[in-house]
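A.B. asks:
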Amino acid sequence: MTHPTQIKSVSINDAATLLELSRKTFFDAFLHRNNAADMAAYAETAFTLPKFETELSNPNSQFYFAWVDNAIVGYLKFNHNFAQTEFQDPEALEIERIYVLSDFQGQQIGKLLIEFAIQTAIDHSLKYIWLGVWEHNTKAISFYKNKGFEQFGNHLFMLGNDEQTDILMKLDLY
């Protein structure tokens, strides 16, 4: 029997575990829809231990693991203030990453992670949450729309040499 999902803060000591999980979930989610060379080129800079240690050391970024039965099954990263990839709005929270291992998708873990982010933003009296999602990730776009997020723009994302478009989505909290 599966125990309830727990959400726990990630520390700098968890950097290697976070790196491994991040790489696995990213490749599982996107390799089948992208060129392997572009994925590998992106991974060379995006998935390094020093990069993750730097991100974990930023006081305006937080990572959280989702745990089920003593196993890490997903994670969430959000950014405040100047850690945000764009806007740097002090009244906003950016969800930069939210991933669940493929074997655990469909078990409401992503829902719990997004609700945790929403509650965190409310607890900090923030006005909105925003995120970017690849335009071809229709499953994620539907998930965010179901949670009340609306498209408000887009930006370019470089995956290796492939210029891709991310849809920017926003959830107003007040």
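FYI, this note's numbering numbers position 143 of the sequence shown as 1330, with every residue one higher than the one before it. Each residue gets a CB set at the ideal place from its N, CA and C atoms; glycine is no exception. Remember, it's a predicted structure, so these values are computed and weren't measured experimentally.
1) Spell out a yes or no on whether the stretch 1191 to 1207 and the stretch 1247 to 1258 are touching, meaning 3 or more CB-CB pairs, one atom from each, closer than 8 Å.
2) Using 8 Å as the cut-off, can you tell me whether the stretch 1234 to 1241 makes contact with the stretch 1254 to 1270, which would need three or more C-beta pairs spanning the two stretches below that distance?
3) Which whole-angstrom value is the C-beta distance of Leu1355 and Gly1340, which I expect to be below 8 Å?
4) What is the rounded straight-line gap between the Cα of Tyr1286 and the Cα of Lys1211?
5) In this structure, how does DSSP classify Leu1243 when only helix, strand and coil are distinguished?
6) What's the call for Ser1312, buried or exposed, on a 16-neighbour Cβ count within 10 Å?
7) Phe1303 to Thr1192, Cα distance in whole Å?
8) Assuming Leu1300 and Arg1284 make a contact with CB atoms under 8 Å, what is their CB distance in whole Å?
9) Ordered along the chain, which non-local residues of its own chain (more than five positions away) have a Cβ less than 8 Å from that of Met1188?
10) Please name the residue or residues paired with Arg1284 in a DSSP beta bridge.
C.D. replies: Taking the definition as stated:
1) yes
2) no
3) The residue given as residue 1355 occupies position 168 in the sequence shown. The residue given as residue 1340 occupies position 153 in the sequence shown. Your pair Leu1355 and Gly1340 checks out as a contact, with CB atoms roughly 4 Å apart and the cut at 8 Å.
4) Position 99 of the sequence shown, counting from 1, holds the residue named residue 1286. Position 24 of the sequence shown, counting from 1, holds the residue named residue 1211. Rounded to whole angstroms, Tyr1286 to Lys1211 spans 10 Å at the Cα level.
5) For this step, residue 1243 is matched to residue 56 along the sequence shown. The answer is helix: DSSP assigns Leu1243 an H, G or I state.
6) For the purposes of this step, residue 1312 is taken as the residue at position 125 of the sequence shown. Classification for Ser1312: exposed.
7) Translated into positions along the sequence shown, residue 1303 becomes position 116. Translated into positions along the sequence shown, residue 1192 becomes position 5. About 12 Å.
8) For the purposes of this step, residue 1300 is taken as residue 113 along the sequence shown, with counting starting at 1. For the purposes of this step, residue 1284 is taken as residue 97 along the sequence shown, with counting starting at 1. Not really, about 10 Å apart at Cβ, beyond 8 Å.
9) For the purposes of this step, residue 1188 is identified with residue 1 of the sequence shown, where counting begins at 1. Since pLDDT at Met1188 reaches only 43, below the 50 mark, its modelled position is unreliable, and no value is offered.
10) Here residue 1284 corresponds to residue number 97 of the sequence shown, with the count starting at 1. For Arg1284, which the question treats as bridged, DSSP gives the partners Lys1264.
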